[in-house]
Amino acid sequence: MVPPLHVARATSPALRLLLGGGGGGFLGRALSAAADSPPQEYAALLESEARNCERAFDRDRSRRIRQKLQDAYARFTTGHDDATVVGDHVYYEVQGRVCRRELRAASRVGAGPEELLVDLDRAPPGATSRDARLRGLRVSPGRSRLALTVSRGGSAALACLVLALPGPGRAGRRRRLRSPGAPLLCCLPSVTAVEWATDSVLYYTEAAEQLIPRAVCALQLGDAGAATHRLFQERDDSCFVGLARTRDGRFVTVNRSWRGHGSEVLLLDTAAPLRPPRVVQERAPGLTYHVERAGGRLHVLAALAESDEYQVLRASESAPGREGWRPLWRPPRGTRLLDVDFLDSCLVASLTAERGALALSVVPYDRPDRTATVQLAPWACVLEPDASPGRDAERGPEEFGFRLSSPVLPGERRVLDVASGRVRGDAGDGDPGGDATAERDAERSVERDGYSVRRLHAVSQDGTAVPLTVLHSRDPPGGDLSGRPLLAHVYGAYGVDVAMGFRPELRVLADAGWVLAFCHVRGGGERGRWWHAAGRGAHKRAGLHDLRSCLAELHARGLSRPGLTALAASSAGAVLAGALCNESPGLVRAVVLQAPFLDVLGTMRRPELPLTPQERGEWGDPLSDAAALRHITSYCPYTNVRPQAYPAMYISCSLGDRLVPAAGVLRYVSRLRQAMAEYRASRPPLAGAEAATEPPLVVSVHEGGSHCGPGDLDGHVREVRTRFLKRRRYARPCTVKTVILSGVKSAFSRIAVRPVNLWPHTIQCGVCAWVQIC
Numbered sequence: 003m004v005p006p007l008h009v010a011r012a013t014s015p016a017l018r019l020l021l022g023g024g025g026g027g028f029l030g031r032a033l034s035a036a037a038d039s040p041p042q043e044y045a046a047l048l049e050s051e052a053r054n055c056e057r058a059f060d061r062d063r064s065r066r067i068r069q070k071l072q073d074a075y076a077r078f079t080t081g082h083d084d085a086t087v088v089g090d091h092v093y094y095e096v097q098g099r100v101c102r103r104e105l106r107a108a109s110r111v112g113a114g115p116e117e118l119l120v121d122l123d124r125a126p127p128g129a130t131s132r133d134a135r136l137r138g139l140r141v142s143p144g145r146s147r148l149a150l151t152v153s154r155g156g157s158a159a160l161a162c163l164v165l166a167l168p169g170p171g172r173a174g175r176r177r178r179l180r181s182p183g184a185p186l187l188c189c190l191p192s193v194t195a196v197e198w199a200t201d202s203v204l205y206y207t208e209a210a211e212q213l214i215p216r217a218v219c220a221l222q223l224g225d226a227g228a229a230t231h232r233l234f235q236e237r238d239d240s241c242f243v244g245l246a247r248t249r250d251g252r253f254v255t256v257n258r259s260w261r262g263h264g265s266e267v268l269l270l271d272t273a274a275p276l277r278p279p280r281v282v283q284e285r286a287p288g289l290t291y292h293v294e295r296a297g298g299r300l301h302v303l304a305a306l307a308e309s310d311e312y313q314v315l316r317a318s319e320s321a322p323g324r325e326g327w328r329p330l331w332r333p334p335r336g337t338r339l340l341d342v343d344f345l346d347s348c349l350v351a352s353l354t355a356e357r358g359a360l361a362l363s364v365v366p367y368d369r370p371d372r373t374a375t376v377q378l379a380p381w382a383c384v385l386e387p388d389a390s391p392g393r394d395a396e397r398g399p400e401e402f403g404f405r406l407s408s409p410v411l412p413g414e415r416r417v418l419d420v421a422s423g424r425v426r427g428d429a430g431d432g433d434p435g436g437d438a439t440a441e442r443d444a445e446r447s448v449e450r451d452g453y454s455v456r457r458l459h460a461v462s463q464d465g466t467a468v469p470l471t472v473l474h475s476r477d478p479p480g481g482d483l484s485g486r487p488l489l490a491h492v493y494g495a496y497g498v499d500v501a502m503g504f505r506p507e508l509r510v511l512a513d514a515g516w517v518l519a520f521c522h523v524r525g526g527g528e529r530g531r532w533w534h535a536a537g538r539g540a541h542k543r544a545g546l547h548d549l550r551s552c553l554a555e556l557h558a559r560g561l562s563r564p565g566l567t568a569l570a571a572s573s574a575g576a577v578l579a580g581a582l583c584n585e586s587p588g589l590v591r592a593v594v595l596q597a598p599f600l601d602v603l604g605t606m607r608r609p610e611l612p613l614t615p616q617e618r619g620e621w622g623d624p625l626s627d628a629a630a631l632r633h634i635t636s637y638c639p640y641t642n643v644r645p646q647a648y649p650a651m652y653i654s655c656s657l658g659d660r661l662v663p664a665a666g667v668l669r670y671v672s673r674l675r676q677a678m679a680e681y682r683a684s685r686p687p688l689a690g691a692e693a694a695t696e697p698p699l700v701v702s703v704h705e706g707g708s709h710c711g712p713g714d715l716d717g718h719v720r721e722v723r724t725r726f727l728k729r730r731r732y733a734r735p736c737t738v739k740t741v742i743l744s745g746v747k748s749a750f751s752r753i754a755v756r757p758v759n760l761w762p763h764t765i766q767c768g769v770c771a772w773v774q775i776c
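Here the working numbering is used: the first residue of the sequence shown is 3, the next is one more, and so on.
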């Protein structure tokens, strides 16, 4: 790591239900668990923030911007982008209706009649709820049964529906869950992952409190009904458990992982599906590994020590332990391994160089010394392998399908012929791929469809080079971008890259003249495992230094300036963004935080919280380690809020978020408002233009939802729309130069840019000739 967004009012029945008189509702329980103050105090704060959010936005502007976003989503979203191809069918969801089409042999596209498999909004009580949405699906090996994982009412909790698929000769027959002979075989109420062993045995992870998987079970389906067998019980509170099916289907792996502290894999043999799993290699200090089987071989992707990068090794099925691992291939120096796909005769490794140029390496199992590397298009920022387990229906057995995209360019499908090394596009035409010199010349601007991509670096406080990716529409005459608004993104946690996949809202911003920057700070995974280690635990402040240096570098290069800069972060990325607001608020004019994690110290000092044990590897343990206590205290956004000038801020959260409860966000907002009020009280009263441009703090709380925000596309568009909004409130014409807020994932503004007239609704200042983006 998306119910409609609207402002919660005091009169909202849903809000009253959530608050539940006397703190007995969902929010009341969450507040009681997450804060020392009484729930009623936060209920009043929630209502106050709802009124403030309502006052902050212009309704006419809201309609215009929402229409722009809807147009962008309609243009770039097909509705079937997440379709899954299995065998001779393509499976997909449209507005809660899970359907499939048969693939036509000639075209290999879903051109057959549409079969309705299930309407999630019409499921029997207890199976799903209204606004349920499909999160994943698995088709059994014999194509006779279907397992759907479904979110319920925008919640992060998942249910699993097991359906009987129509057999041969019944193609095109419309099947509804309420019809006679309904294909619903079983409903599992709380799961996190599912994988088929056979047509009659489904493995799943059973979720405990806070959706943490704690057991691996097998659902056995038969003529007499269904039976459940518990095959593995997790007893370590700091461990996460996941499932994955090997490429050839022989094994399902049980993946036990400890954040920052290694992993352990167990094998479930699908030939004996009810047998308990066996361990491949017991957990060892510094060892992190994954297991795959393809072409009759067992392969291990492993980092053998804390400081090591991943490599591929061979293993024996009869004795799969570490002592029998034999090296097969490791990535070249200066590259980072993104992913590995195992085909029948070779593996295909997705790689990135230090500055972000993408490549594919083809490694034959029998002759790894004959590895061939293919450079990919230099404009691409993200490489996504085909996720569908049955994608072979669309390609040959020795072809590798993938998509290339950037934040402003939607995914373009490519297929690599591993024998020839040739990459072709969707239409079968040749793809020029990348340039072998692309990495050496990474700082040059690469253009594609009118958008420039530049890969830069900033020098951090300790001399470390920090990668930066910058995108914008074509350079203006003279190349001066200092007058353009800038939206910078940061994450820097868990070894996860800052998100750079395509988003229609970012395309809208780029078309409007914005510069988009992505800061690849330490704590993320952009330069490998060592990059994560250099920014977690006792080194977390390194990511803050990196972020500060990235923003300074962007301004020094003339890519906008502080008064036109907005910063966007979500979840754990808000730790660095919030710390920057406390320590260097003058570097940005606006900040947008989505589902923000802001009270690191308070969370890590509460071991009774379900997720705290898993987080110690990332943040440290302030209860047992005095040094960790001092370090967390030094940067924790909540702890270090102080009376000073802060940037304008837009913060969004969801009442249904179990990972970052809304109560914690509201505590931060309350503390920040108090500090801002103290700062204003300590200064002489403002008047005129200065009073009109006082940076605001706007908070949007979604009813329901989850950690990912609203639960449907319309709700997501509304959320993005809200972040574009602002009110016109000028004391004099030149105040159109001021920044109020920015958004997302995207941004909104009271930001002025040079006259570009890219948006149909603009206001030109007669004094300074600047134009305000609507």
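For each residue, glycine too, the CB sits at the ideal point set by N, CA and C.
Excluding the 5 residues preceding and the 5 following residue i in the sequence, name in chain order all residues of the same chain whose CB lies nearer than 7 Å to its CB.
i: A579; result: V492, L569, A571, V593, L595
i: P329; result: Q313, L315
i: S636; result: R543
i: L340; result: S352, L353, T354, L385
Excluding the five sequence neighbours on either side, which residues of its own chain have a C-beta within less than 6 Å of the C-beta of residue i, listed in chain order?
i: Q222; result: V203, A229
i: S142; result: W198, D201
i: I484; result: Residue 484 is actually Ser in this sequence, not Ile. Closer than 6 Å at Cβ, skipping near neighbours: G560, R563.
i: W516; result: P487, L489
i: A495; result: G525, A574
i: C188; result: V164, A228
i: G553; result: According to the sequence as given, residue 553 is Leu; it is not Gly. Taken in chain order, the residues that qualify are L589.
Which word fits residue i, buried or exposed, when buried means at least 16 other C-beta atoms lie within 10 angstroms of its C-beta?
i: A665; result: buried
i: A273; result: exposed
i: Q283; result: buried
i: A683; result: exposed
i: A679; result: exposed
i: L29; result: Caution is warranted here: a pLDDT of 31 is assigned to L29, below 50, making its placement in the model unreliable, and the coordinate value is therefore given only provisionally. Its Cβ being crowded by 16 or more others within 10 Å, L29 is buried.
i: L2; result: Only positions 3 to 776 of the chain appear in the structure, and residue 2 is not among them; the question remains open.
i: D499; result: buried
i: P698; result: buried
i: R280; result: exposed
i: S654; result: buried
Which residue's Cα is closest to the Cα of residue i: the options?
i: E414; options: F520, V420, L566, R405; result: R405
i: P185; options: V193, A195, T86, A166; result: A166
i: V315; options: E308, R324, S309, L674; result: The identity of residue 315 in the sequence shown is Leu, whereas the question assumes Val. For L315, the nearest C-alpha among the options comes from R324.
i: L418; options: S352, A76, W621, E208; result: S352
i: P506; options: F78, E51, Y496; result: F78
i: L150; options: A355, L105, Y206; result: Y206
i: V703; options: G545, V96, A535, D659; result: D659
i: C521; options: L511, L549, P624, L661; result: L549
i: S586; options: L556, R618, A647; result: A647
i: Q616; options: R99, D238, S146; result: D238
i: T375; options: Q235, S363, D368, R124; result: S363
i: L661; options: R685, P598, G619; result: P598
i: R424; options: L411, E400, V410; result: E400
i: A460; options: C383, L582, H547, A536; result: H547
i: L139; options: L233, V92, G114, V700; result: V92
i: G326; options: E620, V302, A628; result: V302
Could you please give me the residues that DSSP links to residue i through a beta bridge?
i: G336; result: According to DSSP, which records beta bridges pairwise, G336 is partnered with nothing at all.
i: L378; result: None; L378 has no bridge partner.
i: N257; result: G244, V267
i: Q596; result: S572, S654
i: V643; result: The partner list for V643 (beta bridge, DSSP) is empty, contrary to what the question assumes.
i: H91; result: V88, E104
i: P649; result: Looking at the DSSP assignment, P649 forms no beta bridge with any residue, so it has no partner.
i: Q283; result: V267
i: G224; result: G227
Once you ignore the five residues that flank residue i on each side, which residues in its own chain have a CB closer than 8 Å to its CB?
i: S265; result: N257, R258, S259, R285, L289, T290, Y291, H292
(request) Within the region 519–594, note down every full beta strand (DSSP E) run reaching 3 residues or more, in order along the chain. (result) 567–572
(request) Entirely within the region 471–511 and at least 3 residues each: give me those beta strand (DSSP E) ranges in chain order. (result) 488–492
(message) Threshold first: 3 residues or longer. Then list the beta strand (DSSP E) segments lying entirely within the region 325–373, N to C.
(response) 328–331, 337–344, 348–355, 360–366
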